[in-house]
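Chemist: First, the structure itself, so that you have it in front of you.
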Amino acid sequence: MDTETEFNTSMSTTTDACDLCGCLRDNTSPQYTAEEFNQIIQQLHDTPEHLPMGVRQHPGAIDLCGENDREKVKMLQEECDALRARLKGTERDLEELERAYNVKSVLLSCLSDGFDRLLTVSEIKADQEVSKQVNMSDRLSHRWLQPAERHGGAYVHHSRRLVQIRDQLASPQTQCPSLIVFLGNRKKDVALRALFPDNTLSQRQPYIQLDVDSRTTFADHPLLFSHCDARLEFHKTDRIPREYEEIPLRWPLIDLHHASDIILCRAMFMFTDVICIFADDLGGLDAVRDLLIRWAMVGHNASSLEYRPRVLVVMETDHKSPTYETLDEMDFDFVLGQNLNVTEVFVTPTLHRLPGQALSDIAQHCSLKNDLLKLADISRRDRKEQGYLFSVMHMAFFFQTALNHVCRAPQAPFDFVRGARAGIEVGQSHRFHLRDFLIVTRDRGWNLEDQASHIASTLLVDAYPPGSHFFSPAAVFDTLYRHHCQEALRSAELSSCCQPIEYHFASLRARLLLGKGPPRRIHEEGLARRRGLFRMIASSHTCLLCLSKPPQHPLPCGHAYCDVCAAWYGSPVEGAEYEYSVRHCALCHKATDILIRVLPPTASVRAITIDGGGVRAIMPLRFLGYMQKILGPGCLVQDMVDVAFGTSGGGIAVLKAFRQRRPISECQQTLADLIVRFFQGHPPLRTTWNKLIRTILCWWKDGWYDAGLWDGLLQKEFGVDQGMFDVQPVSGTKVAVTAVADQPVLLINYRRVVDPPGQRCVDHEMQTTGVASLAHSGGYYRVYTAPDPEHEPQLWKCGRATTAAPGKARLLPPIEIPGVGSCADGGLKHNNPALICRAETPFMWESNPVPGTLISLGTGKAGRPRRQRWRRGFAFRLYDSFLASMDAEQAWEDLLGQVDPANRRNYHRLNVTFPDQEPLLNAAAQVEWMTELADKTAERQVPGALTSLLLASFFFELSSPPCYNDGIYQCCGAIRGRLRGKYLVQALRRLHPQASTFVLGTSRLGVSPFEDAVCCDCARYCVPVKFEVDGLDSNIMLALELHPHQLQPLGGFPLSLRHLVDRLRINMIGCPGLPKLPARTECKSCELRIRRKARPDFENSSYRKRVRFI
């Protein structure tokens, strides 16, 4: 390099005017590349041959004008001789420099190998550990994938290298990289050093390495390059390296080399733009041809992409036999062209011959780099046209998803469109919601254009959430929605051609690309244009805002929202969690005032059931009243319940307390007044003759008492027109009462999830009749949902149906409910509704939960068994069997047999034990005595049950994706409360004033559940927590220490990290996925506390920060 500099300097210091012709020279030294400079040297060695013929043969015979000209020529010849000698010396110096560079490279490689071996010695000194980590970090950071064999199983070790590169780039959301994969051995290593001189490249390793060209870090299209040996081997190991995440291969291995080909062809090459193969390292073109044919067989139909990577085969030029090279290349192209698999998987391979002359490595590979960049640009253009040009953010996510898919099912093609949804499929119920919308709008005079436009608008919101990759609309529609739209159109007796929907979908997606989004804004603009049309329609089966879920929250205008739409089109309430205020309907824009509560994704379900028992139903209300007394007036019992089921008299209590949300004290007074007024109208019979007449009338009228009085009392309490699925002051609690028609029936105020696990979707009969049948572990029951809002059962009729009370031949007559039939008391089959409640809960939410905490409120049990007067006889055995079918205690024992022993601590049975037999169902005179007995029992039983409800009101949320570092997942989040922070702390302090700290596993966190637990700004409960787990499936146990050595888990715990990630829809790569619900109003104080908790813990050191005073 010094010789070259000297040469350029000598050329630039010559005189300004040419001595031969007088022209002016350029004083600046010429700038040549290394290749051009070597060519100049080669030409100047043969300078006399480039002179004119006459000058070469007879230089003295040139006719010059004078003696002065001859002297100038002579001087010029002397300068040329001197220059020729200097150039010969320059060439020798360059050769010596190149040899020295090669020697230093070999020496550096040897030193690196020796240093690596020294680092593995177990007796290394403690003060060298930090130095080892620093020197090894660069080499380890390049690791990407490594096939491994451990304990007889095959695995893929993944270091999330793409995530590390993402964090290095300037704008990973907008930078769209190109990936080049280099395969070879020694020739490949030389080429990498020449192509990427600014990168620190490690020596050849038995794994796949990945890096980014440091010159393109800030470019719009960074250049990623990966390299590995031509023959990727499985590495045998006994442990998992801490920098790796292990993914098992869940398919039988025939050959390890075949498994390596699967990983390359069906995972890596889907994201590769150019595959650069060094033929000399593999054994020539024949070996490359066999390799490509083998890869084509493995990689055929690998994904849903209509994309083929480009292949560049690199060889060195052989000047001795150019004819043989040409024939070899022609044979190579001909054989590959005849193989259909190769042409379907790869673009026609391109051959590149490296220059054969003695050039430096950089000069020799300059043309190779140009060809690689040209092929990468063409590939990137094709990806952009087809909608598969990924940003670095999306590339990291899709590669992780594709790798998991290949390790699980290598033969199945990877679907990028479905993979982007992170396992959230478009359910089979979608077609039924589309069908319901089409039928309702068709009957109201909507034209096909308006129908197609609204459907396409809802599909846009579902297909392109903020931050997702914008796949082509044709691919998205064909993959996710075409089949559902065709089935919906066909079942609605409309044309099965969904071209109008697809046209509007593509048009709306084009608006999205023009920056007129986000999708929800485009959807709201369409809703505003069709506001007049929506005022004419309503549906009790389909949320008209999204057309993908059943409605759960009716509005006064007649429309109804699902949970998701309630969160997006409502406003989060200050100081609350997952609570929304709806001020106007997004469909018709009519004013409303309703409060909606949604189950947090990671919260457990809290359920209460109340048994049937006639007048004894007053006792469960006393239990609830005692709970309310402990909670205080600021916190209602209704706020601590998500699901409430009731039977018979317990059904009346459930409808009054949880459907109408009346205060518990008012419910107690109302039920007592109903009992008194009803039985005052039916005084007890004194004479035998009156009893005989009443018995005959009971047989004739199908009831012991007159139902007219009871119907009037219920209509006065619940109203005549209010429906079961109707507007509620606070919507969110799922309420159901049981009745018996030809089989048990649930009358509900919610709409079931239509795709329960293990069950087929609700069929056409369900949509038309409103009755869905389901066999479950507790028996056979039906769920009634009205086919339209006009046929919704009134609230008083539901109360009447569940209280056609049996009781030793004293009956109320059944009531006829359209669509259900003649309904009698639900206690005939499910006097304790706890079992049916647990079976029904998974159908209420998409997450299919079971109650984490269940409180069963009984109506009393006998203190001693009933005396058997006659032990034999068919009639008496039949009577005993009838009574056993209504045994609430036996039903509770059956339920506990189905619950995991670890979760039984949160299942409580609150019940009174009578001194003798249970009072009769119409024993109105004993109500006061039963009330006193229930109050004494409540003092003992309620605190434990209320503790479970309070702890179930806590839930944990991750604040950011778990960080995988050194083989562990580092997690940070917050413990939050579903109740208002102040009231939650007050209630917990009343019950357990000695509660000291939260406990994670066996580690006491030292965080008080009282002190600084409520944010001063937003008044919400928020306790930041940080922890580490070994794997996604590791159990996490978060508990509260109520007393010394007494722990009780929070709601939903124990659970796994995977459960938290899936429920919160967190992408482990950090790529935006399906949108999360807006859980709460923004609070910077809470966010700051969580961020401070998430900071890494630094060990104490002797370093002292210097402070400079100015």
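Be aware that the sequence shown starts at 1, since it is given in the UniProt record's numbering, and climbs by one per residue.
Idealized CB from N, CA, C, for every residue including glycine.
On a predicted model such as this, the values are computed, not experimentally measured, just so you know.
1. Near P1096, which residues of its chain fall below 8 angstroms by C-beta distance, leaving aside the five closest residues on each side in sequence?
2. In angstroms with no decimal places, state the Cα-to-Cα distance between P814 and L747.
3. In angstroms, rounded to a whole number, what distance separates the CA positions of I293 and T326?
4. Could you check whether C1018 and K575 sit closer than 9 angstroms to each other, using their CB atoms as the reference points?
5. So which of R380, A934, Y784 has the shortest CA-CA distance to F623?
6. Out of curiosity, what's the CA-to-CA distance linking A409 and P252?
7. Are the Cβ atoms of P600 and A1079 separated by less than 9 angstroms?
8. Can you tell me where the beta strand (DSSP E) with Y907 in it begins and where it stops?
9. Under 9 angstroms between the Cβ atoms of G977 and R1020?
10. Provide the residue(s) that pair with M315 in DSSP beta bridges, ordered along the chain.
11. By the 10 Å Cβ neighbour count, where 16 or more other Cβ atoms means buried, how is F397 classified, buried or exposed?
12. For Y481, count the other beta carbons within 10 Å of its own beta carbon; 16 or more makes it buried, fewer makes it exposed. Which is it?
13. With DSSP collapsed to three states, give me the class of E233.
14. Please report the distance separating the alpha-carbon of I455 from that of L547.
15. Distance check for R166 and A259, CA to CA, integer angstroms please.
16. Does C971 pass the burial test, meaning 16 or more other C-beta atoms within 10 Å, or should it be called exposed?
17. Bridge partners for A824 per DSSP, in chain order?
18. Under a Cβ-count criterion, where at least 16 other Cβ atoms within 10 Å of its own Cβ denotes burial, should N1067 be classed as buried or exposed?
19. State the DSSP-derived secondary structure class of N370, mapped to helix, strand or coil.
20. My parser needs the beta strand (DSSP E) runs of 3 or more residues fully inside the region 230–278; what are they?
21. Which residues mark the beginning and the end of the beta strand (DSSP E) in which G153 is found?
22. Would the beta-carbon of R1004 fall within 9 angstroms of that of F1010?
23. Along the chain, where does the alpha helix (DSSP H) containing P322 start, and where does it finish?
24. Let's test the definition: count the other Cβ atoms within 10 Å of the Cβ of C497 and tell me whether it reaches 16, buried, or not, exposed.
25. Hey, would you say T647 sits closer than 9 angstroms to I618, going by beta carbons?
26. Could you check whether the region 584–594 touches the region 555–571, counting it as contact only if at least three pairs of C-beta atoms, one from each stretch, sit closer than 8 angstroms?
27. Going by DSSP, what residue range makes up the beta strand (DSSP E) through P1049?
28. Considering T841, what are the terminal residues of the beta strand (DSSP E) in which it resides?
29. Assuming T803 and G651 form a contact by the criterion Cβ under 8 angstroms, report the distance between their Cβ atoms to the nearest whole angstrom.
30. Please determine, among R1063, L958, F271, R989, the residue with the shortest C-alpha to C-alpha distance to L403.
31. Would DSSP call V181 helix, strand or coil?
32. Start and end of the alpha helix (DSSP H) containing Y964?
33. Take K125 and list the residues in its own chain whose beta-carbon comes closer than 7 angstroms to its own, dropping the five residues that flank it on each side.
34. Could you give the distance in angstroms between the alpha-carbon of Q638 and the alpha-carbon of S226?
35. For the region 489–517, list the alpha helix (DSSP H) runs that are entirely contained and at least 4 residues long, ordered along the chain.
36. Check residue 1111 in the structure and name its three-state DSSP category.
Modeler: Concretely, from the data shown:
1. Your numbering for residue 1096 matches position 1096 in the sequence shown. Closer than 8 angstroms at the Cβ level, and outside the excluded window around P1096, lies no residue.
2. Within the sequence shown, residue 814 is the residue found at index 814, counting from 1. Within the sequence shown, residue 747 is the residue found at index 747, counting from 1. Roughly 15 angstroms between the two C-alpha positions.
3. Sequence index remark: in the sequence shown, residue 293 carries index 293 (1-based). Sequence index remark: in the sequence shown, residue 326 carries index 326 (1-based). Those two C-alpha atoms are separated by around 21 angstroms.
4. Counting from one through the sequence shown, the residue named residue 575 turns up at place 575. Counting from one through the sequence shown, the residue named residue 1018 turns up at place 1018. The sequence given here has Gly at residue 575, not Lys. Yes. Within cutoff.
5. Counting from 1 along the sequence shown, the entry for residue 623 is found at position 623. Nearest option by C-alpha distance: A934.
6. Within the sequence shown, the letter at position 409 stands for residue 409. Within the sequence shown, the letter at position 252 stands for residue 252. Linking A409 to P252 through their CA atoms gives a straight-line distance of about 11 angstroms.
7. In the sequence shown, counting from the first residue as 1, residue 600 sits at position 600. In the sequence shown, counting from the first residue as 1, residue 1079 sits at position 1079. The beta carbons of P600 and A1079 sit closer together than 9 angstroms.
8. Numbered from 1 along the sequence shown, position 907 holds the residue referred to as residue 907. 907–910 is the span of the beta strand (DSSP E), which, as asked, contains Y907.
9. Taking the first residue of the sequence shown as position 1, residue 977 is located at position 977. Taking the first residue of the sequence shown as position 1, residue 1020 is located at position 1020. Result yes, Cβ atoms of G977 and R1020 sit closer than 9 angstroms.
10. Here residue 315 refers to the residue found at position 315 of the sequence shown. R353, per the DSSP bridge assignment.
11. Here residue 397 corresponds to residue number 397 of the sequence shown, with the count starting at 1. Buried is the call here.
12. Numbered from 1 along the sequence shown, position 481 holds the residue referred to as residue 481. Of the residues assessed, Y481 falls on the buried side of the cut-off, its CB having 16 or more other CB atoms within 10 angstroms.
13. Counting from 1 along the sequence shown, the entry for residue 233 is found at position 233. Three-state result, E233: coil.
14. The sequence position of residue 455 within the sequence shown is 455, counting from 1. The sequence position of residue 547 within the sequence shown is 547, counting from 1. Rounded to whole angstroms, the gap between the alpha carbons of I455 and L547 is 8 angstroms.
15. To locate residue 259, count along the sequence shown from 1; it is residue 259. To locate residue 166, count along the sequence shown from 1; it is residue 166. Roughly 28 angstroms between the two C-alpha positions.
16. Here residue 971 is taken as the residue at index 971 of the sequence shown, counted from 1. Classification for C971: buried.
17. Residue 824 sits at position 824 when you count from the first residue of the sequence shown. The partner list for A824 (beta bridge, DSSP) reads V740.
18. Taking the first residue of the sequence shown as 1, we reach residue 1067 at position 1067. Counting every other CB atom within 10 Å of its CB across the protein chains shown gives N1067 a total of 16 or more, marking it as buried.
19. Here residue 370 refers to the residue found at position 370 of the sequence shown. In the displayed model, N370 falls within a helix according to three-state DSSP.
20. Within the region 230–278, the complete beta strand (DSSP E) runs of at least 3 residues are 245–248, 274–278.
21. As a working note, residue 153 is residue 153 in the sequence shown. 153–158 is the span of the beta strand (DSSP E), which, as asked, contains G153.
22. Locating residue 1004 in the sequence shown gives position 1004, counting from the first residue. Locating residue 1010 in the sequence shown gives position 1010, counting from the first residue. No, these two residues do not count as a Cβ contact at 9 angstroms.
23. As a first step, residue 322 is located in the sequence shown; it is residue number 322 there, counting from the start. Secondary structure note for P322: its alpha helix (DSSP H) is the uninterrupted segment 322–338.
24. Start at 1 with the first residue of the sequence shown, and residue 497 comes out as number 497. Exposed, by the Cβ-count rule.
25. Locating residue 647 in the sequence shown gives position 647, counting from the first residue. Locating residue 618 in the sequence shown gives position 618, counting from the first residue. No; because the gap between Cβ atoms is not below 9 angstroms, this pair is not in contact.
26. The region 584–594, when compared against the region 555–571, does touch it at the 8 angstroms Cβ threshold.
27. Walking along the sequence shown from the start, residue 1049 turns up at place 1049. Here the beta strand (DSSP E) through P1049 covers 1046–1049.
28. On the sequence shown, position 841 is the one that residue 841 refers to. No beta strand (DSSP E) holds T841; DSSP gives it neither H nor E.
29. Here the question's residue 803 lines up with position 803 in the sequence shown. Here the question's residue 651 lines up with position 651 in the sequence shown. With a contact defined as Cβ atoms closer than 8 angstroms, T803 and G651 qualify at about 7 angstroms.
30. Mapped onto the sequence shown, residue 403 falls at position 403. Closest option to L403, Cα to Cα, is F271.
31. Taking the first residue of the sequence shown as position 1, residue 181 is located at position 181. V181: strand per DSSP, three-state reduction.
32. Within the sequence shown, the letter at position 964 stands for residue 964. For Y964, there is no enclosing alpha helix (DSSP H); the residue is part of the beta strand (DSSP E) that begins and ends at 963–965.
33. Here residue 125 refers to the residue found at position 125 of the sequence shown. With a pLDDT of only 41 at K125, under the threshold of 50, the placement of this residue in the model should not be trusted; the figure read from the coordinates follows. So no residue of the chain qualifies.
34. As a working mapping, residue 638 is identified with position 638 in the sequence shown. As a working mapping, residue 226 is identified with position 226 in the sequence shown. The alpha-carbon atoms of Q638 and S226 are separated by roughly 59 angstroms.
35. If only uninterrupted alpha helix (DSSP H) runs of at least 4 residues are considered, those enclosed by the region 489–517 are 499–513.
36. Since the displayed the chain opens at 1 and closes at 1110, residue 1111 lies outside it and no answer follows.
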